[in-house]
Structures are given as C-alpha cells and as structure tokens.
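Protein chains in written order, with the numbering used here: chain A, 121 to 385; chain B, 0 to 144; chain C, 3 to 106. Here's the structure we're looking at; comments come further down.
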Amino acid sequence: MNRAFAGVLLSLAFCASAAAQDVKKEIERYREMVSEGSPAELFELEGETLWKKAQGPQQVSLEKCDLGLGPGILKGAYAALPRYFKDADRVMDLETRLLHCMMTLQGRSREEATRRVFGNADRPSEMESLSAYVAAQSRGMKMVPGESHPKERAAYELGRALYFRRAGSWDFACTSCHGEEGKRIRLQELPMLIKPENARSVVASWPAYRISTSGFITMQWRMNNCYQQMRMPEPAFGSDATVALIHFITVTGKGEVYRGPGNKR
Amino acid sequence: MNRLRRALLGALAALLAKPLASLAAWNESAFGAKTPQDALKGIGVANPAPSKEIVIDAPQIAENGAVVPIEITSNIPGTSSIAVVLEKNPFPLAAKFDFGEGALPYVKLNVKMAETADVRVVAAAGGRHYSATREIKVTIGGCGG
Amino acid sequence: MAGPMKIRATLAGGNTAGAAGTTEIRVLMSHPMTTAQSGQPLHFIQNVTVKLNGRAVIEAEVSQAVSRNPVFSFRLKGGAKGDRIEVAWLDNQGESNRIETAVA
C-alpha cells in the first residue's frame, strides 16, 4: 500500500496521539457528508410502497398493523421498540412484529414471509425496506424501549446473559469482540455495548444503508451475522435469543434521540 | 417567415420530438481515456490554470472508497461547466456538468475511488479552463458495522 | 426496470430586501452503476438532465465512476415556490427514468 494509507493506519494505532484525533475527525466528516446524501431514503421509499401493498391470502396491506402504539400508528413506533405485545404474549422487536402482522393481518405463512428475510443490493428484502420505512417515522424521537412488563425485564436479563455467554466451537460470546473498550477489527470499531454511552450511538443508527455492499442491513441481520461469525448455529429469524439481545442493547442505549436509518461503512 | 427558416424550425421541432435516447450525447473517448491527461484532452482541456476560486469540499479520509462524497463550487464568474477527474481511477474522467442560464456552478456527488489519490476539478469559464486538486485518502474497513 | 427516484427541491437564502436566494435540489437514483471491474455487463447512468419549468438548465455526462445509487445535489439561481423541477437520467443500456417535484 502507499505511504498515505500506511500513515493512516499508523495514526490509528496510536489512539492517544494528536494525529489520530485528526483522523477520527476526518472520518466523522466523511460519515456526515455521506449521511447528507445517502441512498438510505430509497429504501424508505420502497418500504412505504410495501407497507401499503395488499398481499397474502387476505389481500390486505400492513396499514392496520399495530407496532405498539395502536393500529397503523407509525410515528414513534420504532422508538418504542422492542416491547411486550399482549396479542403475541412476548417481547417483539420491529422485524418480529412486522412478521406477526404479515401472518395475522395478511394471512401469510411464516415460511413464506421469512423465505427471504435478508436481501442484497440488487433486491432488498421486504423486511429491510419495511424496516427502513418504519424506522424513519421515528426520526428525531427518543428511544424508549419497554421496561415495565415482567417479560420485558426477563428479555433484558436474557439478552444480558447471552451477551456474556461463551458457546459454540470457538467458545465465543459477544464479549469476545464487544467486551473491551477501544477494540477494532481492521478499521471497524467494535463498540462495547454494555456501557450506555456506547450503546446509544449504535441504537440511534440502525437499521442502516451499508456502503460497502450498497445494501440495507437490519438488527435481525446483525444478530444473525454475528452468530455466524462466532461459528454458532444460525438463529431463527425473530427468535427469543435475537430479540432479547436487541432488547438488551436498546435498553442500554435508551434515551438517545433516534437519527433515522444510518449509514455504515 | 421565409421558407428556409420554416424548414429549419420544422427540422428542429422534429429533432426535439425524438426520445431522449437518441439526443443525449456522451463523450465516449473522454470517458474511455485511461490517463488524466487523455481524459482532459477528450473534453478539450489543455493547460488549465490553477485557481483558488474552485472550492472542493470533501473529507480528507474516505472510510469506504465505494462512496466518496465530493462537493464542488466554482466562484469563477461565468463558469459554464465543471469536470471531475479522479487521477488514479482506471478511467479518470468521472463526470462533466454543463450549467445553463439559471443554474449555479455547484454540484455534490458520490464517486468511487479505488485508492488514495488526487481529485482534480476543471472549470470552464469565458472560453478558458481552470483547475484545482485535492487529495482524498481511501481506507478499508473490517467486518461488522 | 428502472428503480425508484427521490427528489427534494427547497428554497434557501434570500431575504425580504429582495436578495436572491437559491433553489437547492437533491435527487436520489436507484441504479447499480456497474463498472468494468465487476465482470458483469456495464450498466451505468450516462446522462442526467435537470429542468426548471420545462427548460433544461443542467446537462450532465456521468460515468461508471459515480457511486451505486447516485445522489446528486444541484443549485439554481433564485427560484420561487411552485417552480417545477424535473430530473431525468438515461443509461448506457437505454433505460431511463425521471422524477418531478415542485419547489417547496
């Protein structure tokens, strides 16, 4: 690699140095400029179309879906997730709840609705586009996941336990990568999510447009992908484990103002 | 209105009625040029004079070379076009913008850069050419995020 | 089939004393902008036209060096609420799309 690149790497290696601070500032500037003109909004648009599209045996749209604040109420719904839902008697995150509405309102089978939950740049999945749209409706609102119901507290405890729980052939846990401050893989920061200040910026910027793949990524995808990287069995979409982890992270980062779908490297 | 003028106007009207596809010009040789010099030659630029009046606002470091945001403003009076050249790209000419009456010589766009390199912006104004350059470092990322 | 587009056109600057402001245009286009490097057939936007009330004011020739899902920002002199802004693109495979909005 060339001098300049080596220089960047060197600066990042010495976190305390002034040069490293400049590097950090410039990367912040990069992220800011990208977010000012991000393709994320295209996924929001696609999500809006899907939200209003009649589908499934019932041939109805998702417009009456209750995301926690009442049927069809989108504003602030994402900011109040995950939360306990009486009709399902469990804690659900955004994607789990969308799946629930697809099944109960539209009459779709779980198998059909989850056939392709993670898409790609050429064709985002329904879940990805819908997540972008719904999350965008909570832009500027404080994240207030559910904490009062016993099952919400249980989900938090389960998520926290899973965060530390080592398992699988590599004996990995979330803490293997996200257990210490200041860690990174190559140039990707690994936030230590047990600390509220670290969880807050994470919580405020998901789901997100991923620049390197031109695709859209969601929290269910992130959990699924982390488990794969940890060489553990692939979690079922919307499983108790994934929802618990998402709930744990969101509660840890609660109070942060949601910035809308983010942009990731 | 004389007959020639009417015929010319008729031809023009017929031309304008054609779909966009057959009208739009695209400088194949300039965009296919493999060096910055050939790219500039392809758009008729010989020796652009360096100018501080061309403002290139871009991050010094691009976290991912697939999307490098660049914001360009030309404060040179009478700027009629702006061209963006990415010096180390396989095909350096990235884009060319022509500004008509009512448009400001300004653009923000996202480009692809494979590696750290200079970005050169060439502005045409009053029949002359001016340029400014800016280096942008390109890093790679890891997994996650 | 051309992907979706999104556009936003707003007035900025200007004051009650009559100083002219600008019309800020931001347009998003869904397009693969595939490069020669990718090994797939070249598929990228070549032309972008910006029209103000039906008249072309910006003509752009762009290439595969523009990022996937292009986002462009343009500025026009002055402008008024209700002005019609149209952005159209044409790619190397003959596909095209356009979007129109009124300045807010």
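From the three backbone atoms N, C-alpha and C, an ideal C-beta is built for every residue, glycine too. Keep in mind that this is a model prediction, so the values were computed, not measured.
- Under the Cβ criterion of 8 Å, L30(C) is counted among the residues facing chain A.
- In the pairwise beta carbon analysis, the region 5-19 of chain C is classified as touching the region 88-106 of chain C: at least three pairs are separated by under 8 Å.
- Residue contact with chain C for L162(A): present (Cβ-Cβ distance below 8 Å to some residue of chain C).
- R151(A) and A57(B) have their C-alpha atoms roughly 11 Å apart.
- Annotation for D117(B): E86, T132 and E134 place their beta carbon closer than 6 Å to its own, counting only its chain and skipping 5 residues before and after.
- Boundaries of the beta strand (DSSP E) around Q48(C): I47 to L54.
- Beta bridge pairing from DSSP links S75(C) with K107(B) and R28(C).
- Neighbours of V54(B) across chain C, judged by C-beta separation under 8 Å, do not exist; the nearest C-beta is about 13 Å away.
- DSSP places G167(A) in no beta strand (DSSP E) but in the uninterrupted alpha helix (DSSP H) bounded by A160 to W171.
- Cβ proximity to chain C below 7 Å picks out L165 and E166 from the region 163-191 of chain A.
- A check of alpha carbon separations from A293(A) across I305(A), L250(A), R280(A) and E301(A) identifies R280(A) as the nearest.
- Counting only the Cα atoms, N109(B) lies some 8 Å from F74(C).
- Taking 8 Å as the Cβ-Cβ cut-off, the region 143-161 of chain A approaches chain C at G157, S158, P159 and E161, given in chain order.
- In the DSSP secondary-structure assignment, G335(A) is bridged to R330(A).
- Membership of D56(B) in the beta strand (DSSP E) is indicated by the continuous run I53 to D56.
- Listed in chain order, the beta strand (DSSP E) elements of length 3 or more contained wholly in the region 288-360 of chain A are 328-330 and 335-337.
- With a contact defined as Cβ atoms closer than 8 Å, A241(A) and G335(A) qualify at about 5 Å.
- Judged by pairs of C-beta atoms under 8 Å, the region 51-69 of chain B touches the region 324-335 of chain A, as three or more such pairs exist.
- Boundaries for K136(B): no alpha helix (DSSP H) harbours it, while the beta strand (DSSP E) harbouring it runs R127 to V137, taken from the DSSP string.
- Beta-bridge analysis with DSSP links L85(B) to V118(B).
- In this chain, M261(A) is not harboured by any alpha helix (DSSP H), its DSSP state being neither H nor E.
- Under the three-state reduction of DSSP, E231(A) is assigned to helix.
- S80(B) carries a strand assignment under DSSP once its states are collapsed to helix, strand and coil.
- Taking all protein chains in view, the Cβ of S268(A) is surrounded by fewer than 16 other Cβ atoms within 10 Å, so the residue is classified as exposed.
- Scanning the region 139-222 of chain A from its first residue to its last, the whole beta strand (DSSP E) runs of 3-plus residues come out as 203-205 and 210-212.
- Burial of W341(A) is indicated by the presence of at least 16 other C-beta atoms within 10 angstroms of its C-beta.
- Nearest C-alpha to V377(A) among K145(A), T295(A), M343(A) and S321(A): S321(A).
- Near chain A, meaning a CB-to-CB distance below 9 Å, the residues of the region 63-79 of chain C are S69, R70, N71, P72, V73, F74 and S75.
- Contact note: D97(B) reaches chain C through I60, E61, A62 and E63, using a C-beta cutoff of 9 Å and chain order.
- Counting the other CB atoms within 10 Å of its CB gives R243(A) a total below 16, which places it among the exposed residues.
- Per DSSP, R243(A) lies in no beta strand (DSSP E) and is assigned neither H nor E.
- At a cut-off of 8 Å between beta carbons, I193(A) makes no contact with chain B.
- Listed along chain B, the residues sitting closer than 7 Å to I331(A) by beta-carbon distance are N63, A65 and V66.
- Annotation for A38(B): A29, A32, V84, P91 and L92 place their beta carbon closer than 7 Å to its own, counting only its chain and skipping 5 residues before and after.
- Counting C-beta atoms within 10 angstroms of its own C-beta, P202(A) has 16 or more neighbours from the protein chains shown and is therefore classed as buried.
- Excluding the 5 residues flanking it on each side, K303(A) has same chain C-beta neighbours closer than 6 Å at L310, in chain order.
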